[in-house]
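Protein sequences appear in the order of chains H and X. Each residue of the first sequence is one higher than the last, beginning at 4 in the numbering used here. Each residue of the second sequence is one higher than the last, beginning at 274 in the numbering used here.
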Amino acid sequence: MADDNAFRMELVTPERVLFLGAATQVVLRTVDGDLTFLNGHTPLVGAVLPGVVRITDADGTETRAAVHGGFVQVEKVSASGAAPNPAPTSDPGGAVDTPVPGPGVGTRVSLLAGVAELAGDIDVERARRAAERAEALVAELASSGRSASGGGGTDEPGADGGEGPPELIEAEAALERARVRLEAVEVPTPG
Amino acid sequence: MAGGQERVLRRRIRSVQSTKKITRAMELIAASQIVRAQARIAAARPYREGMARIVIETAVGDPTAAGRLLGTPETIERVGVLAIVADRGLCGGYNTSVFRATERLVADQRRGGAEVRLFTVGKKAQGYFRFRGQAVEHSFTGMSERPTFEDARRVARVVVPPFVEGEVDQLVVVSTRFRSAGSQMVEVRQLLPLADPRQLVGEDAVAVRELDAAEAEEVRDGYTEFEPEAAELLADLAPRAAETDIFGALLEAAASEVTARQRAMAAATDNADELVKKYSRIMNRARQDSITTEIMEIVGGAEALRADDVDSDGGEMIRTAV
């Protein structure tokens, strides 16, 4: 039964819920590398890095999403709260081979992301254009920033090392977002 | 004279009627926006609750990790205040109540010896505080009616760093909470440090709704991994949680704003109806008065003429009689 190793998965952004339902496997990127979640995973709270999240649902189809940073929480919840689908629970045989740890407990994985898109919602053409634009902007700002800091930026001697001007950070973030989007739809990223 | 008054009244009725058309249209627009604003609050709820759960989990998981990120600061020397109002007026006392609460808060903090740094959302705040000679460090506009998460991030990028860098000890938001379509109230809430979940449980908070007893038990009992470790995670989490709270505050303020506007415009439309009724009554009386006067004049004139005739007849009669 595919449902036995299914758990409840939520992918939530502030503006809407992108994915809610049963999943058998979720792969996402954290500071310590890619993590895979299966049913019964230890409770965990973690920071998620920008990257592609892959959700495999009960019948094996994979949902990909571009997630631009966020947090993930794995927790044990009561089965009523975690019921991934309204399957008949009164089935007497079902209770015997239920592999969930203990009666009435299920796993819930919630992934919270400030900005995220499902692969199907991504406009490839637009993402590619955005990537090119951001890349050009980064190159331009990086070069102008170098000359500007060489000219007069004396009051902040350490700032030009890693931080850079806010426009540059913004442009780099935009580039990152565009790359993640393209990765989610499996298009080779430019550069 | 009487005709002149009638004309003046007729003009005024027409003016009130066209104003009424505008207020009626604004009322209908606001009413439709209420539904949308409420839907957006509902859409944001899973994220807000999830964020609250993660904060609770992290804070409870490692109580030593919190530092100054959780709880209520013991001494407040510098405080950041974020006031959220509307970009536009015509919404009854909506803006005024937030201003009043903000001024009270600022005055209280100053009396307590704290230095206040004021941030505002909404165009109306700019004019108000400038007129009062109250320095505003940064004001955001163009987001009050339809705030996006990106807007919330823009605000957070300005108001959160002073706290993270230790320039302010506390960050509070003054805004209107949307409890229900019938009840909105101005509230002062602490944004940072984050509310301590151990104090939060059982009280009114976004986080508590889904944290029923069993689930809270689960949270406390379970052994939870943190990645990165809790202290570091909480430092990452605090700005995100603050920006989520700001987003929530903006959404609720927007819903409250359109509700206030709908109510104000409904009242204005009713008033216009009243005025039209009152003016028409006065106008009709004026018209009848003038008609009556006219009739009186005609009758009087006719009487006078007839009396003249009778007089002259009489005179003749007298004359003939003589």
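Beta carbons are placed, not taken as given, at the ideal position from N, Cα and C, and that holds for glycine.
Query, Result
"Distance, Leu114(H) Cα to Glu330(X) Cα", "14 Å"
"Candidates Ser553(X), Asp562(X), Glu570(X), Gln561(X), of which the one nearest Val289(X) by Cα", "Ser553(X)"
"CB contact below 8 Å: Pro319(X) versus chain H", "yes"
"Asp35(H) - DSSP class collapsed to helix/strand/coil", "coil"
"Cβ pair count under 8 Å reaching 3, the stretch 27 to 36 of chain H against the stretch 275 to 287 of chain X", "no"
"Same chain only: Cβ atoms within 7 Å of Leu52(H), ignoring 5 sequence neighbours per side", "Arg32, Thr33, Val34, Gly72"
"Enclosing beta strand (DSSP E) for Gln463(X) [first to last residue]", "456 to 465"
"Opposing strand residues paired with Glu78(H) [DSSP bridges]", "Arg111(H)"
"Below-8 Å beta-carbon distance, Pro168(H) vs any chain X residue", "no"
"Where Asp509(X) sits in the DSSP three-state scheme", "helix"
"Opening and closing residue of the beta strand (DSSP E) in which Asp60(H) lies", "54 to 60"
"Endpoints, alpha helix (DSSP H) assigned at Gln382(X)", "367 to 384"
"The stretch 169 to 189 of chain H contacting the stretch 531 to 539 of chain X, beta-carbon criterion three pairs below 8 Å", "no"
"Terminal residues of the alpha helix (DSSP H) in which Leu171(H) lies", "169 to 187"
"Top-ranked residue by Cα proximity to Thr345(X), from Ala315(X), Asn368(X), Ala387(X), Asp442(X)", "Asp442(X)"
"Any chain X beta carbon closer than 8 Å to Gln76(H)", "yes"
"Cβ contact check for the stretch 507 to 523 of chain X and the stretch 423 to 433 of chain X: 3 or more pairs under 8 Å", "yes"
"Strand pairing of Ala116(H), partner residues [DSSP]", "Gly73(H)"
"Residues bridged to His411(X) (per DSSP)", "Phe392(X)"
"Proximity to Glu440(X) [Cα-Cα], best of Arg405(X), Glu350(X), Thr414(X), Leu523(X)", "Glu350(X)"
"Residues, ordered as in the chain, of the stretch 446 to 461 of chain X that lie near chain H by beta-carbon distance below 7 Å", "none"
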